[in-house]
Amino acid sequence: MPTLTKRTTASWLAATALSALAALPAAAQQPPIKIGFMTVRSGALAAGGKQMEQGMEYCLAERNGMMGGRKVELITVDTAGQPATTKTRAQELVERERVNAIIGPLAAFEALAIDDYIRQVGVPVISPSAAAEDLTQRKQNPWFVRAVGTSAQANHALGEYAAKDLKLKRVVTIGDDFAFGHEATAGFQRAFEDNGGQVVQKLWPPLNVADYGSYISQIRTDVDAVYAAFAGGNGLRFLQQYAEYGAPVKVIAQMTTVDEGILKSMGKEAVGVISSGWYTATQDVPGNKEFAAGIRAKYGADPGYYTAGAYEACAFLDAAVKAIDGKVEDKQALMKALRSVKLEKGPYGEVTLDEYGNPIMNVTIRKTEEKDGRLQNVVIKTYPKVTQFWTYDPKAFLAEPVYSRDYPPAKNLGK
Amino acid sequence: MSARALPFAVALAAMAMVPLFSTSPFYVNLTSQVTIAAIGALGLNVLVGHAGLNSLGFAVFPGLAAYLVAWLSTVGGIDPVFAALVALGGTLAVAALFALVALRTTGLGFVMITMALCQIVWGAAYRWTSVTGGDNGLSGVPRPGGAWLPLEKPEYFLWLCLAVLALALVQLGRFFDSPLGVALRGTRDQPRRMGAVGYDVWRIRFVAWMLAAAWGAAAGLLYAWYHQFVSPHMMAVTASAEVLLMVVAGGAGTLAGPLIGAALVVLLKNLASIWIDRWVMLLGFTFVVIVLLMPDGIVPGFNRLTASLKRLRPGPAPKLVPRERADG
Chain V
5 MPTLTKRTTA SWLAATALSA LAALPAAAQQ PPIKIGFMTV RSGALAAGGK QMEQGMEYCL
65 AERNGMMGGR KVELITVDTA GQPATTKTRA QELVERERVN AIIGPLAAFE ALAIDDYIRQ
125 VGVPVISPSA AAEDLTQRKQ NPWFVRAVGT SAQANHALGE YAAKDLKLKR VVTIGDDFAF
185 GHEATAGFQR AFEDNGGQVV QKLWPPLNVA DYGSYISQIR TDVDAVYAAF AGGNGLRFLQ
245 QYAEYGAPVK VIAQMTTVDE GILKSMGKEA VGVISSGWYT ATQDVPGNKE FAAGIRAKYG
305 ADPGYYTAGA YEACAFLDAA VKAIDGKVED KQALMKALRS VKLEKGPYGE VTLDEYGNPI
365 MNVTIRKTEE KDGRLQNVVI KTYPKVTQFW TYDPKAFLAE PVYSRDYPPA KNLGK
Chain U
66 MSARALPFAV ALAAMAMVPL FSTSPFYVNL TSQVTIAAIG ALGLNVLVGH AGLNSLGFAV
126 FPGLAAYLVA WLSTVGGIDP VFAALVALGG TLAVAALFAL VALRTTGLGF VMITMALCQI
186 VWGAAYRWTS VTGGDNGLSG VPRPGGAWLP LEKPEYFLWL CLAVLALALV QLGRFFDSPL
246 GVALRGTRDQ PRRMGAVGYD VWRIRFVAWM LAAAWGAAAG LLYAWYHQFV SPHMMAVTAS
306 AEVLLMVVAG GAGTLAGPLI GAALVVLLKN LASIWIDRWV MLLGFTFVVI VLLMPDGIVP
366 GFNRLTASLK RLRPGPAPKL VPRERADG
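So the protein lines, in turn, are chains V and U.
Be aware that the first sequence starts at 5, since it is given in my numbering, and climbs by one per residue.
Be aware that the second sequence starts at 66, since it is given in my numbering, and climbs by one per residue.
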């Protein structure tokens, strides 16, 4: 019977192949490390998702698709930027693909949607971009670390810089009306007012407002600066429309307002904006020059918030896998190694995690300038080793409510 | 059990047996999602299929119920079952208020007003951060149950969902056959004549609205327990549109249609995406095909197909049955 012959030949071949494999070093026999990667390919967040995929791809290519001597199998899923879909995708990764770790998801509400689930199943998750304060504060999760700062982390520094170095006295804030904008603005306001400044007006345009005109016309002109906290493409639209209104007072900004991801679409209106952040393509830290040049060569654009975040998340995992000699099946050990990750170089430069799983890293103050024919954020000051708690005592910090639209309360409105 | 109920019983039994054959809880959870979506779609079908009221704000009912149960059982610290009852009551109370506004209109006006009502609640969920958590939502919603009914296990939760679905099918099947159900379809086809012969059209529609809200709320409770997380996204316009899509794709006015539609949407969204990167496009393409080939939905389209196949086959001459006149 021909089928029988075929089958016998096949099994003989398989046996030979197996014995040949047995001769190879032990590492080659191990199954690949499975990493689930949650990105966004559809909807409003897709631009950030694409940059995340680039950072991830670049990181794996740089390591020849290996981590700790084992091959990496990357399973990429699209969450569509919806919490319910994110949950199902996480279940798919954990229950169907049985991944060893997850890198993602992109948005804070996505990370919060799977928060309980990852607690239940116990799978290490590294977030490359979800910045919601409480994820590593009041609701910290033993299975969660992040490769990105909290919403307010860099804004504390900007608050101090604005009061002490720029000697600003009175500031108007304007920011996206959602958690990220609220938390960033709250961090700025707290540090700014603690250093003698006054936030005299707070404006909250809705996330998808088409025209900022009605908000820009409300901005008081008897102030020293406008603090802008926008995400996605909103920073671009705000700065353009603000310039059309003659830009009466100068702009200081939260990092994603002038992120490299949208800076390439901006023009003169962005020049002179002072911002703060833990990443900019130009920052001079060990490892960033190669990274930024590599990304530019491969994808033709400067790396930004999402690119660097995904790369760092991947680098964190790589370091942790190395630390446990590739034995990722031991989830507890992998998580422990992840929590004690320490990187000497990379886009962020030197970075470690605090006991809550949030990075301690340099935060820079940058000024947007036109250089080499494109807009760049040029570093003017570095605050080393900034934590999510800034100079405040972590215990007291955590005892207070989470940053929001109304907390800390603004005492100087209308002055 | 009547012959009509048999296919439903078989389908539900098959779904209940998924945990026995599935090697991973993923497929069990997926079946739960289909079931929850089907309950919601059945609710909307009362309005779209039987009352002729196309709502683009149906997500407000599951949304309200989910938010209420989530808030009561996390912040409020109330027992999940009691919280569910309060949430159900609360949703129905709000639905009754909304009915006063929405049922003043039909047609396009009804589409707009239901969408607007849903947007109001969505806006409240999004902006009232101190209560709803804003776009970060409410997490850590506890599932009910205990040692005797471990609902945290996927298979038990699926069986709970299927029990609710069975209840919905029985209740709605009986309702559609009842004189009130027939009167409801009367108000759909000839509202002025129904009024002229003495039916209170508004009250009949109100009953349909509340019934839709009740099953929508049931789906919302299960949704909150399933995801253990609620966020404003579940009340976005796209969420309402998705339920409408399930009903229309499956076949409005049929009992099986919403089930088929829910299975189609949930599986395309969550299963096809494993193999196909551009799954959103596939979703759109599938609906274009359905609309082109079966404009009144899969179930009626399939019925027509089998009927025409029967006609091709030589058989006994069809019995003469007096046909109902379309204008009554």
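Glycine is no exception: its CB is placed at the ideal position from the N, C-alpha and C atoms.
Quick caveat, the model's predicted, so the values are computed rather than measured.
| Query | Result |
| --- | --- |
| Interface residues of chain V facing Ile178(U) [CB-CB closer than 7 Å] | Ordered by position in chain V, no residue passes the 7 Å Cβ test against Ile178(U), which lies about 22 Å from the chain. |
| Extent of the continuous alpha helix (DSSP H) to which Leu216(U) belongs | Here Leu216(U) belongs to no alpha helix (DSSP H), and DSSP marks it neither H nor E. |
| Between the CA atoms of Leu227(U) and Leu110(V) - distance to the nearest angstrom | 33 Å |
| Straight-line gap, Gly172(U) to Ser120(U) (C-alpha atoms, nearest Å) | 9 Å |
| Chain-ordered neighbours of Phe182(V) on chain U, where CB pairs are closer than 7 Å | Gly199, Asp200 |
| The segment 275 to 300 of chain U: positions lying closer than 9 Å to chain V by Cβ | Tyr288, Tyr291, His292, Gln293, Phe294, Val295, Ser296, Pro297, His298, Met299 |
| Members of the segment 134 to 166 of chain V that neighbour chain U once the beta carbon cut-off is set at 7 Å | Ala136 |
| Cβ contact check for the segment 303 to 319 of chain U and the segment 67 to 86 of chain U: 3 or more pairs under 8 Å | no |
| Residues of the segment 194 to 227 of chain U whose Cβ lies closer than 7 Å to any Cβ of chain V, in chain order | Thr194, Gly199, Asp200, Asn201, Gly202, Ser204, Gly205 |
| Complete alpha helix (DSSP H) runs within the segment 136 to 181 of chain U (minimum length 4 residues, chain order) | 145 to 167 |
| Interface residues of the segment 309 to 336 of chain U facing chain V [CB-CB below 8 Å] | Lys334, Asn335 |
| Which listed residue (Phe401(V), Ala314(V), Tyr407(V)) has its alpha carbon closest to that of Pro132(V) | Ala314(V) |
| Alpha helix (DSSP H) runs wholly inside the segment 222 to 267 of chain V, at least 4 long, in chain order | 238 to 248, 264 to 267 |
| Reference Gly298(V), options Asp181(V), Val44(V), Ala51(V), Cys63(V), closest by Cα | Cys63(V) |
| Gly24(U) versus Thr140(V), Pro146(V), Glu164(V), Gln86(V), residue with shortest Cα-Cα distance | This structure leaves residue 24(U) out entirely; chain U is present only between 66 and 393. |
| Classification of Val353(U) by the beta-carbon crowding that lies within 10 angstroms, buried from 16 upward | exposed |
| Expected contact under 8 Å - CB spacing of Gln293(U) and Asp120(V) to nearest Å | 5 Å |
| Chain-ordered neighbours of Val345(U) on chain V, where CB pairs are closer than 9 Å | Arg45, Ser46, Gly47, Asp82, Ala84 |
| Best match in Thr261(V), Cys318(V), Val81(V), Val149(V) for proximity to Arg343(V) [C-alpha to C-alpha] | Val149(V) |
| Neighbourhood of Ala274(V) by C-beta distance below 6 Å, restricted to the same chain and skipping five residues each side | Leu243, Val262, Thr372, Leu379 |
| Residues bridged to Pro363(V) (per DSSP) | Leu357(V) |
| Residues near Pro215(U) in its chain [Cβ-Cβ closer than 6 Å; skip 5 each side] | Tyr221 |
| Within chain V, partners of Ile341(U) - CB distance below 9 Å | Ordered by position in chain V, no residue passes the 9 Å Cβ test against Ile341(U), which lies about 10 Å from the chain. |
| Residue burial classification, Ala106(U) (beta-carbon count within 10 angstroms, cutoff 16) | buried |
| Validate contact between the segment 248 to 260 of chain V and the segment 198 to 211 of chain V using beta carbons, cut 8 Å, 3 pairs | no |
| Cβ separation of Ile266(V) and Gly237(V), assumed to be a contact under 8 Å, to the nearest whole Å | 6 Å |
| Residues near Pro49(V) by beta carbon distance below 8 Å, same chain, minus five either side | This sequence places Leu at residue 49(V); Pro is not what is there. Taken in chain order, the residues that qualify are Gly85, Leu110, Ala111, Gly236. |
| CA nearest to the CA of Glu96(V), picked from Asn416(V), Tyr216(V), Ile122(V), Ala414(V) | Ile122(V) |
| Identity of the residues DSSP links to Glu373(V) by a beta bridge | Gln380(V) |
| Cβ of Asp120(V) within 9 Å of any chain U Cβ | yes |
| Trp394(V) Cβ short of 8 Å to the ligand MG heavy atom set | For the ligand MG, the structure offers nothing, since it holds no ligand at all. |
| 6 Å CB neighbourhood of Ala161(U) in its chain, flanking five on each side removed | none |
| Neighbour list for Gln98(U) in chain V, Cβ cutoff strictly below 9 Å | Ala88, Thr92 |
| Beta carbon of Ala337(U) nearer than 9 Å to that of Ala103(U) | no |
| Uninterrupted alpha helix (DSSP H) stretches inside the segment 274 to 359 of chain V (no shorter than 4 residues) | 292 to 303, 309 to 327, 335 to 343 |
| Pro72(U) classed as buried or exposed, judged by whether at least 16 other C-beta atoms fall within 10 angstroms | exposed |
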